[in-house]
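Inspection log for the structure reproduced underneath, given as structure tokens.
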Amino acid sequence: MPTSPPLPVDLSGIRLDPALGLARQLYRALRERILDGRLAGGARLPASRDLARLLDISRNTVTRALDQLYAEGYVEGRVGAGTYVTELASIRPEPRNTAADPRPSAAMAYLREQHLPPPPDGAPRAFRIGVPAFDLFPFETWARLQARFWRRPPAACLGYGDPAGDPRLRELVAAYLRSGRGLNCSAQQVVITCGAQQAIALCAQLLVRPGDRVAIENPGYRAAGHAFAVAGAELRGVTVDGEGLDTRELAAIERCRLAYVTPSHQYPTGVTLSLARRLELLEWAEREGGWIVEDDYDGEYRYSGVPLAPLAALDRQGRVLYVGTFCKIAFPALRLGYLVLPPALVEPFARRRALDMRHSEIGTQAVMAEFIAAGHFLRHVRRMRQAARARRDALLQGWPEVPGCAPLPAVEAGLHLCVPVAGVARERELLSAAHTAGVEMNGLSDYWLPSEANGETARAGLVLGFAAVPEAQITEALVSLRRAWKLPA
Ligand SMILES: Cc1ncc(COP(=O)(O)O)c(C=O)c1O
């Protein structure tokens, strides 16, 4: 860290548009000034609190922008001890984009503004989010089924297939959902997708008109929000409390066209949407002619208590689009999921898919169909649930008392848990020490919509995925954490 007296810095001319991602804008503005030399190497940036006051934004927003600059090496030092611009010689400027588009589309402009974190690389580590126990996947069986399919693929399968998906797989998915989730649906309502994310994106493409209001859980799954925003939606964050999405707050949003929810296990808080709220949500959709996108991304993982019926099973008016995925039971790279749609929507959704990609790759669909038909799938679901429960228990039992951190909550479902932390500064401190010690976890403050109001009210916390690695690795990670967080062994 530089020891010379701090150089004065000129931050004039930074204008942030409150309608766009503030942290991203601030990050870009500072990076631009570092690269063009307006912020010289060795210059000390104002403290995050002062910067927040100067720019009239939340400190949380400033911290996020600075974190990104740290991660990319543009600044160095530690919050608290001062933040310095890295000496220019060690910064490699990005090549200039000579083909800048003077009139980018709204989607292009939105995507440029957003910080979309890259997927974590390398083999899973404790406590990676969104990853099931894929070390337990029966690859031998899968390989055998693949080999059998490809040795003599039916000629009828090798041309262009049904954009709604392989008919046999659609039948089997419908049968599984009828028996496993109490969802009385037919194969004709099922559309196979490339994972839950594509299912959500299709909903956005087909149900949202530019300027429509879309309600999303706040905090929530940001990639769903992005999919709706790219389709032109005006995002409205709705509070999540102990019963899930606050339906009264939803009802107060005028002209809201669609609500995206994760009812079985809210992402990331882990709350289950209560039955009363489920009924209120359906009433809202019926009254307003709104759509509900029900993302049941980890619906297979319930460890105790009675699972509540999915919204789609309670829907009498055809307002719910149900999203499911194989990626949390098998592995994310499989890219296989499905939608269960009100009958009238199937045709347009299939046509849209045909335009995007024609259909999903046939081998994976056919092999998954055989995997389900031969009983491997249900066996694997049971095994995955048991493994996730054991891994959850290893985390719950070994978790230490951490100053500024609430005790771990009871975890009845899902693949992750969320533990509240007293303030974003403490959250960042814990995250930074954990990452340095090689332990992955996410900050709850990153799951909020980046609007000013939320910046101020955002609750902080740690979001921990517990299924990614076996118990022994969880125990090792907990030892590293105790050391990193300077807790008694
Ligand atoms: C809430 C939620 N929905 C959907 C997805 C995406 O799932 P898929 O891999 O099937 O696209 C994720 C991924 O982590 C998620 O957390």
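In my numbering, each number is its position in the sequence shown, counted from 1, plus 632.
We treat Cβ as the ideally placed atom computed from N, Cα and C, and that holds for glycine.
Remember, it's a predicted structure, so these values are computed and weren't measured experimentally.
*Please list, in chain order, all residues of the same chain as residue 1102 whose beta carbon is under 6 Å from its beta carbon, the five residues on each side excluded.*
In the same chain as residue 1102, and ignoring 5 residues on each side of it, no C-beta atom comes closer than 6 Å to its own.
*Distance between residue 685 and residue 634 (C-alpha atoms, nearest Å)*: Model confidence at residue 634 stands at a pLDDT of 45, short of 50, so the residue's coordinates are unreliable; what they give is reported in the following sentence. Approximately 25 Å between the Cα atoms of the pair.
_Cβ neighbours of residue 1091 in the same chain (closer than 7 Å, five flanking residues each side left out)_ = So the qualifying residues of the chain are 1052, 1076.
*If you count every other CB in all the chains shown that lies within 10 Å of the CB of residue 644, and 16 or more means buried, which is it?*
Classification of residue 644: exposed, given that the 10 Å Cβ count is below 16.
*Please determine, among 842, 933, 676, 863, the residue with the shortest C-alpha to C-alpha distance to residue 1013.*
Nearest C-alpha to residue 1013: 933.
_Going by the DSSP bridge assignment, what does residue 849 pair with across the sheet?_
Per DSSP, 870.
*For residue 999 versus residue 771, is the C-beta spacing smaller than 8 Å?*
Between residue 999 and residue 771, the C-beta spacing is not below 8 Å.
*Are the Cβ atoms of residue 992 and residue 791 separated by less than 8 Å?*
Not a contact, by the Cβ cut-off of 8 Å.
*From the DSSP output, in three-state form, read off residue 1075 for me.*
Strand at residue 1075.
*Expressed to the nearest angstrom, what Euclidean distance is found between the alpha-carbon atoms of residue 646 and residue 750?*
Looking at the two C-alpha atoms, the distance is approximately 27 Å.
_Let's test the definition: count the other Cβ atoms within 10 Å of the Cβ of residue 938 and tell me whether it reaches 16, buried, or not, exposed._
Label assigned to residue 938: exposed.
*Have a look at residue 692 and residue 706 and give me their C-alpha separation to the nearest angstrom.*
Take the alpha-carbon of residue 692 and the one of residue 706: they are about 19 Å apart.
*asked:* Closest to residue 862 by C-alpha separation, out of 1079, 652, 1120, 794, would be which residue?
replied: 652 is the residue among 1079, 652, 1120, 794 whose C-alpha sits nearest the C-alpha of residue 862.
*Which first and last residues belong to the alpha helix (DSSP H) in which residue 717 is found?*
Unbroken run through residue 717 is the beta strand (DSSP E), 714-717; no alpha helix (DSSP H).
*Report the residue from 923, 986, 885, 766 whose alpha carbon sits nearest the alpha carbon of residue 870.*
Among 923, 986, 885, 766, the Cα nearest to that of residue 870 belongs to 885.
*With C-beta atoms as the reference, is residue 879 less than 8 Å away from residue 912?*
Between residue 879 and residue 912, the CB-CB gap stays under 8 Å.
*Which value, in whole angstroms, describes the spacing of the CA atoms of residue 950 and residue 818?*
Rounded to whole angstroms, the separation of the alpha carbons of residue 818 and residue 950 is 14 Å.
*Integer Cβ distance of residue 824 from residue 801, believed to fall under 8 Å*: At roughly 6 Å, the Cβ-Cβ gap stays under 8 Å, so residue 824 and residue 801 are in contact.
_Coarse secondary structure for residue 923, derived from DSSP in three states_ = In this structure, residue 923 counts as strand in the three-state DSSP scheme.
_residue 1045 vs residue 896 beta-carbon contact at 8 Å_ = In this structure, residue 896 lies closer than 8 Å to residue 1045 by Cβ.
*Please confirm whether residue 837 and residue 967 have their CB atoms less than 8 Å apart.*
Taking 8 Å as the Cβ cut-off, residue 837 and residue 967 do not qualify as a contacting pair.
_Please return the same chain residues whose Cβ sits closer than 6 Å to the Cβ of residue 835, not counting the five positions on each side in sequence._
Excluding positions up to five away in sequence, the list reads 925, 953.
*Excluding the five sequence neighbours on either side, which residues of its own chain have a C-beta within less than 7 Å of the C-beta of residue 1049, listed in chain order?*
For residue 1049, where only same-chain residues beyond five positions count, the Cβ hits under 7 Å are 902, 1040, 1041, 1043, 1096, 1098.
*Endpoints, alpha helix (DSSP H) assigned at residue 904*: It is not in any alpha helix (DSSP H) - residue 904 carries neither H nor E in the DSSP assignment.
*Who are the Cβ neighbours of residue 857 in its own chain at under 6 Å, not counting the five residues just before and after it?*
Listed in chain order, the non-local C-beta contacts of residue 857 below 6 Å within the same chain comprise 848, 867, local neighbours out to five positions each way being set aside.
_Let me check understanding here. Comparing Cα to Cα, which of 874, 909, 930, 842 lies closest to residue 887?_
Of the listed residues, the one whose Cα sits closest to residue 887 is 842.
*Give me the Cβ distance between residue 1059 and residue 760, rounded to the nearest whole Å; I'm assuming they're in contact under 8 Å.*
The pair is not a contact, with the Cβ atoms about 18 Å apart (cut-off 8 Å).
_residue 959 beta carbon near ligand 1 (any heavy atom closer than 7 Å)_ = Set against 7 Å, the gap from the CB of residue 959 to the closest heavy atom of ligand 1 is smaller.
*Kindly provide the ranges of any alpha helix (DSSP H) runs that are 4 or more residues long and lie completely inside the stretch 967-1049, ordered along the chain.*
For the stretch 967-1049, whole alpha helix (DSSP H) runs of length 4 or above, ordered along the chain, are 975-989, 994-1005, 1008-1030.
*Going straight from the alpha carbon of residue 855 to that of residue 959, what length do you get?*
For residue 855 and residue 959, the distance between alpha carbons rounds to 16 Å.
*Using the C-alpha atoms, what's the distance from residue 845 back to residue 904?*
Approximately 24 Å between the Cα atoms of the pair.
*Burial state of residue 680 (16 or more Cβ within 10 Å)*: Buried: at least 16 other Cβ atoms inside 10 Å.
*What is the DSSP secondary structure of residue 1085, counted as helix, strand or coil?*
Its pLDDT being 47, under 50, residue 1085 is placed unreliably in this model, and the coordinates cannot settle the point.
*Across which residues does DSSP place residue 598 in a beta bridge pair?*
Here the chain covers residues 633 to 1121 and nothing more, so residue 598 does not appear.
_Please determine whether the Cβ atom of residue 933 lies at a distance below 7 Å from any heavy atom of ligand 1._
Flag unset: Cβ of residue 933 not near ligand 1.
*Report whether the distance from the Cβ of residue 808 to the nearest heavy atom of ligand 1 is below 7 Å.*
Residue 808 Cβ: outside cutoff for every heavy atom of ligand 1.
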